[in-house]
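S.K.: In case it helps, full-length UniProt numbering puts the sequence shown at residues 1 to 148. Glycine residues also receive a C-beta, built at the ideal position from the N, C-alpha and C atoms.
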Amino acid sequence: MGTEQRGGAAASEPPRDAPPPPPLFTLAEVAQRNTAREAWLVIRGRVYDVTRFVSEHPGGEEVLLEQAGRDATEPFEDVGHSADAWEMLDQYLIGELHPCDHKPDSSEVPGKPTSNEPSAWTVWLIPILGALVLGLMYRYYVVEGRSS
Ligand code: HEM
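#1: With distances taken from CA atoms, which of 79, 39, 46, 54 is nearest residue 68?
#2: Residues bridged to residue 95 by DSSP?
#3: Roughly how many whole angstroms lie between the Cα atoms of residue 106 and residue 60?
#4: For my contact list, residue 96 and residue 22 are in at a C-beta cut-off of 8 Å; report their separation, rounded to the angstrom.
#5: Are the stretch 78–98 and the stretch 43–60 in contact at 8 Å, needing three or more beta carbon pairs?
#6: Taking the straight line between their C-alpha atoms, what separation do you get for residue 128 and residue 137?
#7: At which residues does the alpha helix (DSSP H) containing residue 73 begin and terminate?
#8: Would you check whether the ligand HEM has a heavy atom nearer than 8 Å to the C-beta of residue 81?
#9: Quick check on the burial criterion: 16 or more other C-beta atoms within 10 angstroms. Buried or exposed for residue 126?
#10: According to DSSP, simplified to helix, strand and coil, what is residue 31?
#11: So residue 45 and residue 81 are in contact, right, with Cβ under 8 Å, and what is the actual spacing, rounded?
#12: Output the boundary residues of the alpha helix (DSSP H) element that contains residue 65.
#13: Going by other Cβ atoms of all chains shown within 10 Å of its Cβ, with 16 needed for buried, is residue 83 buried or exposed?
#14: Tell me, to the nearest whole angstrom, how far the beta carbon of residue 43 is from that of residue 72; I am working on the premise that it is less than 8 Å.
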């Protein structure tokens with residue numbers, strides 16, 4: 001006789017087909033894997049073991065090894081890698097960056113400027129427009145008024 005309770009799925013049990021949580025690595029752990037024999041890097045909060053890819057990288061071994069052990073998001077994106085290159089990443093995925101090492105301002109929307117601050121030209125635009133309007137008003141009311 002089975003003594004296990006059945007039926008009424010226990011609320012604490014995770015759904016049967018839920019994928020296991022990915023392994024988490026800290027930046028310090030990733031930083032230790034920066035040799036020619038073992039090369040890990042981080043791109044968009046994900047950790048990749050690119051060891052076996054180093055010698056195959058179309059952009060050369062050197063650039064890849066330079067980024068090994070680091071968050072390579074920026075250099076990777078700056079190169080403007082193709083969609084194929086982005087897809088290739090999946091083969092080397094081994095885990096995710098520990099949440100405590102996530103950049104506070106990257107918020108997983110890379111590639112997009114996150115700054116909410118007005119740019120320099122907007123800051124100057126308002127006073128310049130104001131001065132222009134005042135100049136025009138002066139011209140209309142004072143200069144034109146005098147000549148008529
Ligand atoms: C696992 C990570 C990476 C993968 C799968 C990857 C893949 C590729 C691929 C497929 C290309 C050929 C061009 C393309 O399809 O875009 C390429 C080129 C290149 N990659 Fe990577 N790459 C990786 C990481 C990096 C990193 C971290 C850098 C650092 C700067 C880098 C720098 C370059 C450069 C400079 C080129 C040559 C671009 C050109 O010739 O126009 N790659 N990479």
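M.R.: With the given structure in hand:
#1: Translated into positions along the sequence shown, residue 68 becomes position 68. Measuring from the Cα of residue 68, the nearest candidate turns out to be 39.
#2: What you label residue 95 is simply residue 95 of the sequence shown in a count that begins at 1. The partner list for residue 95 (beta bridge, DSSP) reads 47.
#3: Mapped onto the sequence shown, residue 106 falls at position 106. Mapped onto the sequence shown, residue 60 falls at position 60. Since pLDDT at residue 106 reaches only 47, below the 50 mark, its modelled position is unreliable, and no value is offered.
#4: Locating residue 96 in the sequence shown gives position 96, where the first residue counts as 1. Locating residue 22 in the sequence shown gives position 22, where the first residue counts as 1. Going by Cβ atoms, the distance from residue 96 to residue 22 rounds to 5 Å, so yes, they are a contact pair.
#5: yes
#6: For the purposes of this step, residue 128 is taken as the residue at position 128 of the sequence shown. For the purposes of this step, residue 137 is taken as the residue at position 137 of the sequence shown. Cα-Cα distance, rounded: 14 Å.
#7: Here residue 73 corresponds to residue number 73 of the sequence shown, with the count starting at 1. Taken as a continuous stretch (DSSP letters only), the alpha helix (DSSP H) holding residue 73 covers 73–78.
#8: Locating residue 81 in the sequence shown gives position 81, counting from the first residue. Yes - the ligand HEM has a heavy atom lying nearer than 8 Å to the Cβ of residue 81.
#9: As a working note, residue 126 is residue 126 in the sequence shown. When all chains shown are included, residue 126 counts as exposed.
#10: Translated into positions along the sequence shown, residue 31 becomes position 31. Looking at residue 31 - three-state DSSP - the assignment turns out to be helix.
#11: On the sequence shown, residue 45 is found 45 positions in, with the first residue counted as 1. On the sequence shown, residue 81 is found 81 positions in, with the first residue counted as 1. The Cβ separation is near 17 Å, so there is no contact.
#12: Residue numbering aside, residue 65 sits at position 65 when the sequence shown is read from its first letter. Start and end: 61–67.
#13: Counted from its first residue, the sequence shown places residue 83 at position 83. Exposed, since its Cβ has fewer than 16 Cβ neighbours within 10 Å.
#14: Here the question's residue 43 lines up with position 43 in the sequence shown. Here the question's residue 72 lines up with position 72 in the sequence shown. Yes, they are in contact, since the Cβ atoms of residue 43 and residue 72 sit about 6 Å apart, within 8 Å.
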